[in-house]
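Asker: Residue numbers (this note's numbering), protein chains in the order written: chain A, 228 to 545; chain B, 228 to 545.
Glycine included, each C-beta is placed from N, C-alpha and C at the ideal position.
2 protein chains.
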Amino acid sequence: MKRRRGRILLAVTGWRPDNWLREFRANAPEREVVTEPDGEDDASIRYAVVWKQQSGILSRLPNLEAIFSVGAGVDHVFHDRALPNLPVVRIVADDLTMRMGEYVVWQVLDHFRQGATYRAQQAARIWKSLPQMAAGDITVGIMGLGVLGTDAAGKLAAIGFRIAGWSRTSKDEPGIACYHGEAGLDDFLAVTDILVVLLPLTGATKGILNTGLLAKLKKSTPLGGPVLINAGRGGLQVEADILKALDNGTLMAATLDVFGTEPLPRDSPFWSHPRVTVTPHDAAASDPHALVPQVLRQMDNLEKGAPVTGLVDRKAGY
Amino acid sequence: MKRRRGRILLAVTGWRPDNWLREFRANAPEREVVTEPDGEDDASIRYAVVWKQQSGILSRLPNLEAIFSVGAGVDHVFHDRALPNLPVVRIVADDLTMRMGEYVVWQVLDHFRQGATYRAQQAARIWKSLPQMAAGDITVGIMGLGVLGTDAAGKLAAIGFRIAGWSRTSKDEPGIACYHGEAGLDDFLAVTDILVVLLPLTGATKGILNTGLLAKLKKSTPLGGPVLINAGRGGLQVEADILKALDNGTLMAATLDVFGTEPLPRDSPFWSHPRVTVTPHDAAASDPHALVPQVLRQMDNLEKGAPVTGLVDRKAGY
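1. I'd like to know if residue 387 (chain A) contacts chain B, where contact means its C-beta is closer than 8 Å to some C-beta of that chain.
2. Please confirm if residue 337 (chain A) has its CB atom under 8 Å from at least one CB of chain B.
3. What are the start and end residues of the beta strand (DSSP E) that includes residue 480 (chain A)?
4. So if I threshold CB-CB distances at 8 Å, which residues from the segment 313-343 of chain B count as touching chain A?
5. Can you grab the Cα-Cα spacing for the pair residue 524 (chain B) / residue 260 (chain B), in whole Å?
6. Starting from the beta carbon of residue 507 (chain A), find every residue of chain B whose beta carbon is closer than 7 Å, and list them in chain order.
7. Among residues of its own chain, excluding the 5 on either side of residue 324 (chain A), which ones have a beta-carbon nearer than 7 Å to its beta-carbon?
8. In chain A, what lies closer than 9 Å to residue 546 (chain B) by C-beta?
9. Please identify, using Cβ separations under 7 Å, the residues of the segment 454-466 of chain A that lie next to chain B, in order along the chain.
10. When you compare the CB of residue 498 (chain A) with every CB in chain B, is at least one pair closer than 8 Å?
11. Residues bridged to residue 238 (chain A) by DSSP?
12. Please determine if the segment 429-437 of chain A and the segment 346-358 of chain A are in contact, where contact requires at least 3 C-beta pairs separated by less than 8 Å.
13. Would you mind reading off the limits of the alpha helix (DSSP H) that contains residue 545 (chain A)?
14. Starting from the Cα of residue 468 (chain B), find the closest Cα among B:248, B:316 and B:487 and give me that residue.
15. Measuring only the C-alpha atoms, how far is residue 417 (chain A) from residue 442 (chain A)?
16. Does DSSP put residue 510 (chain A) in a helix, a strand or coil?
17. Would you mind sorting residue 230 (chain B) into buried or exposed? The rule is 16 or more other CB atoms within 10 Å of its CB.
18. For residue 392 (chain A), does the count of other Cβ atoms within 10 angstroms reach 16, so buried, or fall short, so exposed?
19. Against chain A, with Cβ distances strictly below 8 Å, would residue 471 (chain B) count as a contact?
20. Can you list, in chain order, the residues of its chain whose CB lies under 6 Å from that of residue 305 (chain A), leaving out five sequence neighbours each side?
21. Output the distance between the C-alpha atoms of residue 293 (chain A) and residue 478 (chain B), rounded to the nearest integer angstrom.
22. Any Cβ of chain B within less than 8 Å of the Cβ of residue 349 (chain A)?
23. Check this for me: beta carbons of residue 332 (chain B) and residue 372 (chain B), under 8 Å apart or not?
24. Which residue from B:274, B:359, B:279 and B:240 puts its Cα closest to that of residue 451 (chain B)?
25. Does the CB of residue 414 (chain B) have a neighbour CB from chain A at under 8 Å?
26. In the DSSP assignment, what residue or residues form a beta bridge with residue 432 (chain B)?
27. Along the beta strand (DSSP E) that carries residue 488 (chain B), what are the first and last residues, could you check?
28. In the DSSP assignment, find the beta strand (DSSP E) that holds residue 389 (chain A) and state where it starts and stops.
29. What's the call for residue 429 (chain A), buried or exposed, on a 16-neighbour Cβ count within 10 Å?
30. Look at the alpha carbon of residue 269 (chain A) and the alpha carbon of residue 424 (chain A), and state the distance between them as a whole number of angstroms.
31. Mind checking whether residue 476 (chain A) and residue 415 (chain A) have CB atoms under 8 Å apart?
32. In the segment 360-385 of chain A, which residues sit with their C-beta less than 9 Å from some C-beta in chain B, listed in chain order?
33. Taking the beta strand (DSSP E) that residue 295 (chain A) belongs to, which residues open and close that run?
34. With a threshold of 8 Å between beta-carbons, can residue 546 (chain A) be considered close to chain B, or not?
35. Closest to residue 240 (chain A) by CA distance: which of A:280, A:387 and A:307 is it?
36. On a CA-only basis, which of A:419, A:511, A:413 and A:448 is nearest residue 458 (chain A)? Give me that one, please.
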């Protein structure tokens, strides 16, 4: 008997499954996709495609072979304390990379070109030139030099910014002044005018954006003070510390796309802070149309024993 | 007797001359710079460096050899009805090109990534994802494919946008779908989602941004309607037509850095239009520190008979 192609469990919490289901059916009609284990036929489920899956749901599937995250991050997968010890694959896709690149360039430019000041002037009908810095006098420091970080670095460099980068392990990327590890962090922060955070959330990075780190950012920046852009994960930031840094002048401004609690509660002081830009975890949306073919390609690769992009190192946590 | 190096007349209206004088003195102490003709020694003035010079001021200098604009545009030079028939040289400098590139990318991204909607949501403490378009589904059409236009095109293409370009004469630029002349204008507009205008102001381009042109922009754009970004000259736009187009849905939004009357009068409806971004002719500031060495290099080239970058074709007007 020919081995049946594995069924897929789609377990996305907080997202509507419809678009994902439609794309799976359109791209792989031969693969059956279900949105919950049905007890009867759980043994036929070989793959799980997840976003914040219910704890314990995966451990009940006896023949599960791999877990696919529908985002670039996988911290939401590891919340599951009964997570089976199986390969976890995250999204590495041009579509997601392009969207993150747009977001980072957009927000870096909005701070660098003083968007908030121009908008306030417009609201007050004030015609007044602002002093212009040269991009070549500003260093954008990127924490996290994976696919997203190096792509954003290239786009920012093309616009004229100087680029520094920090990563857990040693990297050598052309056009990026690379620092790594705990030993390299202070030197990296000391040259950084605009800090862009694209780190994964792991045990080692939780709460890394705190008073101690922010105080080490470059002080004599032409921007008037350092700027923070976090498009990684909310768990990276100690939010009380960021507020304090904004209020005591350690930080001049911030763009935050992610928060410890999402949706950001209505009483959060970030909403109305005059020097904070809030976006609703929208830096790089996971678009089923673009991402499902990528997930299916990785399933095919797993089945053929071909190399799989985005295979997570469980010890490192990303 | 050794020929004395020519004196320079610096005639900038509306700008403070101090920084320009300081840079000339620092970079070329051997060249004397005056800020007005003094009658006595007018015959020794060989070069004029100007921004909106007083009409007739240059025609009184018997030995003037060339006129340098301190901006990329030269329309302000030609306002002078007594302008002597001498070479006019405009600024072509990396510094100006980089600043314009930043501005164009910033504003294209702010429209494409729905900055105004996110800011309104933040003000109302609303956490709501917005549908995201892919940059590859959007064509940015650039009018004016000189140094500024082709540079901005490259930066936008790197971010993922499709690029079309329109110029007076035929051009063939890699990565740009090129259109030219009156015959090519309608086809160019029909593919354009975001129109970026970097044209010089000449007899042929005055008032080109009018109802007829705006009505030909791509209608079925993923943005909900076409967007106009004018960082060229105010004289290119018929402002009543742009307001009408914004209000009747022909245009979805606009960024205007330049206006027919500058400073923009306090009672202009552009200030408070919810879908208009106003900046005070700040897209690319002329920075004396970066530009004076470039002007001096061109003076040296003129004196040596070497090729001069930015020599204006007086018939074309740029």
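Answerer: Straight from the coordinates:
1. Taking Cβ atoms only, chain B reaches closer than 8 Å to residue 387 (chain A), which makes this a yes.
2. Chain B places a beta carbon closer than 8 Å to that of residue 337 (chain A), counting this residue as a contact.
3. It spans 480-483 - the beta strand (DSSP E) in which residue 480 (chain A) sits, taken as one unbroken run.
4. If the cut-off is 8 Å between Cβ atoms, the segment 313-343 of chain B has 322, 325, 326, 328, 329, 330, 332, 333, 336, 337, 339, 340 and 342 near chain A.
5. Put simply, the backbone Cα of residue 524 (chain B) is about 16 Å away from that of residue 260 (chain B).
6. In chain order: 354, 355 and 356.
7. Within its own chain, the residues whose Cβ lies closer than 7 Å to the Cβ of residue 324 (chain A), once the five positions on either side in sequence are excluded, are 374, 375 and 378, listed in chain order.
8. As shown, chain B starts at 228 and ends at 545. That puts residue 546 (chain B) outside it, with no answer to give.
9. Those residues of the segment 454-466 of chain A placed with their C-beta closer than 7 Å to a C-beta in chain B do not exist.
10. Yes, its Cβ sits closer than 8 Å to a Cβ of chain B.
11. Its beta-bridge partners are A:277.
12. Using a C-beta cut-off of 8 Å, the segment 429-437 of chain A makes no contact with the segment 346-358 of chain A, since fewer than three inter-stretch Cβ pairs fall below that distance.
13. DSSP places residue 545 (chain A) in no alpha helix (DSSP H); its state is neither H nor E.
14. Looking at B:248, B:316 and B:487, the one whose alpha-carbon comes closest to that of residue 468 (chain B) is B:487.
15. For residue 417 (chain A) and residue 442 (chain A), the distance between alpha carbons rounds to 9 Å.
16. Correct three-state label for residue 510 (chain A): coil.
17. Residue confidence for residue 230 (chain B) is low, a pLDDT of 47 falling below 50, so the modelled location carries little weight and cannot support an answer.
18. Residue 392 (chain A) is buried by the Cβ-count criterion.
19. Not an interface residue.
20. None.
21. Straight-line Cα distance between these residues: approximately 49 Å.
22. For residue 349 (chain A), the answer is yes, since a Cβ of chain B falls inside 8 Å of its Cβ.
23. Between residue 332 (chain B) and residue 372 (chain B), the C-beta gap is not smaller than 8 Å, which leaves the two residues out of contact.
24. Minimum Cα-Cα distance from residue 451 (chain B) among the listed residues B:274, B:359, B:279 and B:240 corresponds to B:359.
25. No, no contact with chain A.
26. BP columns for residue 432 (chain B) are empty, so no partner.
27. Residue 488 (chain B) -> no beta strand (DSSP E), and no H or E assigned at all.
28. Note, residue 389 (chain A): beta strand (DSSP E), 389-394.
29. Here residue 429 (chain A) is buried. Its C-beta has 16 or more other C-beta atoms within 10 Å.
30. Annotation: residue 269 (chain A) to residue 424 (chain A) spans about 40 Å, alpha carbon to alpha carbon.
31. With respect to the 8 Å criterion, residue 476 (chain A) and residue 415 (chain A) are not classified as neighbours on the basis of their beta carbons.
32. Answer set for the segment 360-385 of chain A: 361, 362, 363, 381, 382 and 385.
33. Residues 293-296.
34. Within the shown structure, residues of chain A are numbered from 228 to 545, placing residue 546 (chain A) beyond reach of any answer.
35. Residue A:280 is the option with its Cα nearest to residue 240 (chain A).
36. That would be A:511, whose Cα lies nearest to the Cα of residue 458 (chain A).
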